[in-house]
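Structure first, commentary second.
There are 2 protein chains.
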Amino acid sequence: MTNGAQALMKTLVDAGIEVCFTNPGTSEMHFVAALDGEPKMRAVLAMFEGVATGAADGYARMADKPAATLLHLGCGLGNGLANLHNARKGKVPVVNIVGDHATYHVKYDAQLQSDIESVARNVSPGFVRTSKSTGELCQDAADAVTAARGLPGQVATLILPADVSWSEGGVPCKTPAQSPAPVADDTTVKATADAIRNGRKTAFLLGGRALREPGLIAAARIAAHNGVTLFAETFPTRIERGAGLPPVERIAYLAELATLQLSEYDNLILVDAKAPVSFFAYPDKDSYLVPDTCKVHTLATPEQDSVASLNLLADVLGARNATPVVQPAACPGRPRGKLTAEKVCKAVGHLLPENAIIVDEAITSGLMLNALTAGAPKHDLLTLTGGAIGQGLPNAVGAAVACPDRPVIALIGDGTAMYTIQALWTMARETLNITSIIFNNASYSILNVELERVGAEEAGDKAKSQLDISGPVVDFARLAQGMGVHAVRVTTAEEMAKALEYALNNPGPHLIEAVVPESLNGVKRKVLPWLLRTLPSLPRPVSKALKKKIAP
Amino acid sequence: MTNGAQALMKTLVDAGIEVCFTNPGTSEMHFVAALDGEPKMRAVLAMFEGVATGAADGYARMADKPAATLLHLGCGLGNGLANLHNARKGKVPVVNIVGDHATYHVKYDAQLQSDIESVARNVSPGFVRTSKSTGELCQDAADAVTAARGLPGQVATLILPADVSWSEGGVPCKTPAQSPAPVADDTTVKATADAIRNGRKTAFLLGGRALREPGLIAAARIAAHNGVTLFAETFPTRIERGAGLPPVERIAYLAELATLQLSEYDNLILVDAKAPVSFFAYPDKDSYLVPDTCKVHTLATPEQDSVASLNLLADVLGARNATPVVQPAACPGRPRGKLTAEKVCKAVGHLLPENAIIVDEAITSGLMLNALTAGAPKHDLLTLTGGAIGQGLPNAVGAAVACPDRPVIALIGDGTAMYTIQALWTMARETLNITSIIFNNASYSILNVELERVGAEEAGDKAKSQLDISGPVVDFARLAQGMGVHAVRVTTAEEMAKALEYALNNPGPHLIEAVVPESLNGVKRKVLPWLLRTLPSLPRPVSKALKKKIAP
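Chains F and S supply the protein sequences, listed in that same order.
Each residue of the first sequence is one higher than the one before, starting from 1 at the first, in UniProt numbering.
Each residue of the second sequence is one higher than the one before, starting from 1 at the first, in UniProt numbering.
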């Protein structure tokens, strides 16, 4: 006899889902019991649901297929919501298995009863289903997998009542092979080619899977042949970069900068990306960042095969054999002296090994990361796609599970690290090859900037204390040690480089607590002068335009 | 000029809301800036939203009025959802202020855009409102406070778009005084009195505010006069207990036990409580725990004044002047030898000072807590009302903020502590007089029981590893020290008692990591024999019935 959970497990494994990030409770015990019957399913336990969901996100970004999560009712899903939001915004496939009370138990409104579907809709608007019977369960699961891994990838939530899980009569079910994504049609390709040929200045805005090597090469051929600029979305799900790959400039987080970046163009061609909007709204500032004078075209939507569409466009433009401009190898020197956030990034750029995965949730402390790793050996970069902080450490867990042979380096702000600090425990439990670098500046530094940007300059001491996490200063090395992760605290650039070298030479989880001053210290009163500091990481024309604009 | 945030702040303070538990982001910056204009509003920062919401819950349980939370969009609310669920189930008033994007920004679907109202409905089905304009904001806030603090208390969620917050034209608004709750009508009181007089055996099931001293005294007078038994709901929001107060037996968590507790009664009278149902569903077991032979009556619903209703009933029964049975003072001796969870509870019972607040989220390790503190000096006990673990440490934060003159002792399981471990940082930041005792048994021990109870005995090593958090064992003392909380790790009963003594004599946050074996170690294969171990904490008749039932 096969119960629902056992059949579900088989269905998932048959569909290629081989990892489940778990934080189970009583209602999931039959699913847990079924794990032993499926050697191909790896269960990775987290001590908080936000770790499980963020790990599933990081896994899928690197494995290009979904993992499952196992969550305990509406509250477990709630705890995992923020990182599922990041997955949704990053178009990342995730299959949530959310346990629920037995169907007949719901009416009693027991302690943990809540409206799971409502919560799930926030992150998986495209697929939320409560399985009604053991007989239907596996088809429901196959539908969830199909929904999750189609283009664009999405979060699919399957709610699994305990009795549907434990009842006999489960019948495993095949998940149909993924149908190939459509390519941009000829009319669109031709119109795009015309825009490129006729435009004064044209830029691509690349997002989603167009930021992997094949998409970048295709776009870079067109760029070389037709003088098109390459932009990437602000927070890529996964971007392949480094020496030998075509460089691409990310649209800036700050609306003020993004507007400048786009100001010269009369055509913006979207490839699996949306037209840039401001991250937040600000009084008297525009939300939509594309200038009126710039026409927006769409070559490929997130539903389409962006790489094939770019190649088709290259053919039409005669650019298929053009030589793309690629990033020359160039590493910064070894940093010296008093530690700053910039020197931490410099150490990473100096030491980055071939084929690393960088997870960037360093917020203000990571301002210089892009510039300082631009010519480093080829690597993947994962970023904060949905803006819900607490993504970095869990994402690193998932990336390391997906790619056990690649070193993972997670750069995380101190404030943001605390949301899902429990990820360190899973890193230790699974002996994952992750080096977490925590920038400890004892501040929600970005909020000091934002406080001013929203025009709330009248802020007094009480307000400022809400952005200050220096009383007490968190000792991240101790937190890591408390969860079984080797950790050191560094205060000089020399120590930083040495610690990173050690970590990279000795696989297994490490944490480096980098004690740094705020990157924006002393320049909070005015945003534009502060932007000056970011100029070295920007391409020449933008720097020039910006310098002109803010010159006294 | 007054902007929306400033007027909102004034409206909240005028309504008696004096504490806001915060974890703000950019969209809340004007609310943060407005803090300095209101000296009466205390802002308590948390490094994770679940801490803020759990603290608001604990605060309101002790202050009998709501605190506000300040949360950042749908993801911040998601992170706070589990503890808001606990507040909802505990009928605890909370006013959520959830920042949102500016109204005009929503259509751009920026990174942090999500459907906040859907998420909010899970925990505040009675009041979710997105404020539409600065002019309407303060009336919206007054409505939210009114909804939250009525009977039953509830979670009210006010969604605050950034432009509604920052625009000028805010007009503070008075919140009407709370209208008195209705009392049970004469017909109901008479019918209840008749049931008591005519029944063979009758029990009260007391919940909500009926578990405070006035309600307990009223019920105990009737118990003494009419031979009625007093039960309390399984997980009270707040129960006053100890020497000099009427003792009341809580309905057991385990359905098997609860059924036995209720088996002798032919009348069960609900007072601000619902008829007992099983926490979870189990194969072939009933969800509804009241025997068919027992008739359920309702004296007072959660919407009604339960104490006044009990007093009215006492009048009708002529019990108003009866002498209630109260708990005699009796403390256990000082524990000695190798540490066990029971000895930790014994140390608490031995040393508990007058007027303490105990927060119990010790799960299996706390089995003996009730018995060992029954005759301790008067204290309040707060429990896990909604079953969403991670409530204890944040609840302690809120209780300590509400009652700065009372010592707070939080007893927390290791698994559960990790969900909201960031609460320790807020304890240090605010120098709260809390002693957190973490039972470190390196296991999700309750799930070992549940795995068997749901009939999943075939569980293999992979399944069992999902309940095992021993690799690595978390070092809670280190975690606490990393967040600025004084901490010790104890392995003997003598060390435990000494550490608790020290903590109680030296106000300020402390953490005691009690290394204990699993309470249920070696007795997992059968649930009923395990129950035997819980017998000393049960009243005589239940023990007898149970012993008879499980005798070999």
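Glycine included, every Cβ here is placed at the ideal spot set by N, Cα and C.
Quick caveat: nothing in here was measured; it's all calculated off a predicted structure.
query: CA nearest to the CA of residue 170 of chain S, picked from S/5, S/441 and S/208; result: S/5
query: Interface partners of residue 283 of chain F on chain S, CB under 7 Å; result: 166
query: Residues bridged to residue 72 of chain S [DSSP beta-bridge criterion]; result: S/99
query: At least three beta-carbon pairs within less than 8 Å, the segment 431-440 of chain S to the segment 407-414 of chain S; result: yes
query: Residue burial classification, residue 57 of chain S (beta-carbon count within 10 angstroms, cutoff 16); result: buried
query: Residue 194 of chain F - containing alpha helix (DSSP H), residue span; result: 186-198
query: Option in F/134, F/490 and F/389 with minimal Cα separation from residue 30 of chain F; result: F/134
query: Boundaries (first-last residue) of the alpha helix (DSSP H) holding residue 203 of chain S; result: Premise fails: residue 203 of chain S lies in the beta strand (DSSP E), 202-206, not in any alpha helix (DSSP H).
query: Buried versus exposed call for residue 321 of chain F [16 or more other C-beta atoms within 10 Å across all chains shown]; result: exposed
query: Local conformation of residue 16 of chain S per DSSP, three classes; result: coil
query: Presumed contact (8 Å Cβ cut-off) between residue 496 of chain F and residue 490 of chain F, rounded CB distance; result: 5 Å
query: DSSP three-state assignment for residue 78 of chain F, whether helix, strand or coil; result: helix
query: Residues near residue 128 of chain F by beta carbon distance below 6 Å, same chain, minus five either side; result: 117, 120, 121 and 157
query: Burial state of residue 176 of chain S (16 or more Cβ within 10 Å); result: exposed
query: Min CB distance residue 297 of chain S to chain F below 8 Å; result: no
query: Span separating the alpha-carbon of residue 343 of chain F from that of residue 80 of chain S; result: 36 Å
query: Residue 22 of chain S - DSSP class collapsed to helix/strand/coil; result: strand
query: For residue 402 of chain F and residue 509 of chain F, believed in contact at Cβ under 8 Å, the rounded distance; result: The Cβ separation is near 16 Å, so there is no contact.
query: Helix, strand or coil at residue 375 of chain S according to DSSP, with G and I counted as helix; result: strand
query: Chain F within 8 Å of residue 169 of chain S, Cβ atoms only; result: no
query: Residue nearest to residue 387 of chain S in terms of C-alpha spacing, selected from S/349, S/282, S/278 and S/147; result: S/278
query: CA-to-CA distance, residue 340 of chain F to residue 332 of chain F, given in whole angstroms; result: 15 Å
query: Sufficient close CB pairs (3 or more, under 8 Å) joining the segment 273-293 of chain F to the segment 347-363 of chain F; result: no
query: Within the segment 123-160 of chain S, ranges of the beta strand (DSSP E) (whole runs, at least 3 residues); result: 128-130
query: Where residue 463 of chain S meets chain F, residues with beta-carbon distance less than 7 Å; result: 32, 33, 35 and 36
query: CA-to-CA distance, residue 55 of chain F to residue 288 of chain F, given in whole angstroms; result: 32 Å
query: Residue 75 of chain F: contacting residues in chain S (beta-carbon distance under 7 Å); result: 81, 82, 85 and 388
query: Cβ-Cβ distance between residue 345 of chain S and residue 381 of chain S below 8 Å; result: no
query: Chain-ordered neighbours of residue 163 of chain F on chain S, where CB pairs are closer than 9 Å; result: 281 and 283
query: Any 3 or more C-beta pairs closer than 8 Å across the segment 42-55 of chain S and the segment 390-397 of chain S; result: yes
query: Cα-Cα separation, residue 553 of chain F to residue 143 of chain S; result: The structure shown does not extend to residue 553 of chain F, since chain F is modelled only from 1 through 552, so no value can be given for it.
query: Closer than 7 Å at the beta carbon, the chain S residues around residue 559 of chain F; result: With chain F covering only 1 through 552, there is no way to say anything about residue 559 of chain F.
query: is_contact[residue 474 of chain S, chain F] using C-beta, thresh 8 Å; result: yes
query: Best match in S/201, S/100, S/518 and S/476 for proximity to residue 367 of chain S [C-alpha to C-alpha]; result: S/518
query: Any non-hydrogen atom of the ligand PLP within 7 Å of residue 463 of chain S CB; result: Summarising the ligand content, the structure contains no ligands, and the ligand PLP is consequently not present.
query: Nonlocal neighbours in the same chain, by C-beta distance under 6 Å from residue 208 of chain S, ignoring five residues either side; result: 91, 272 and 302
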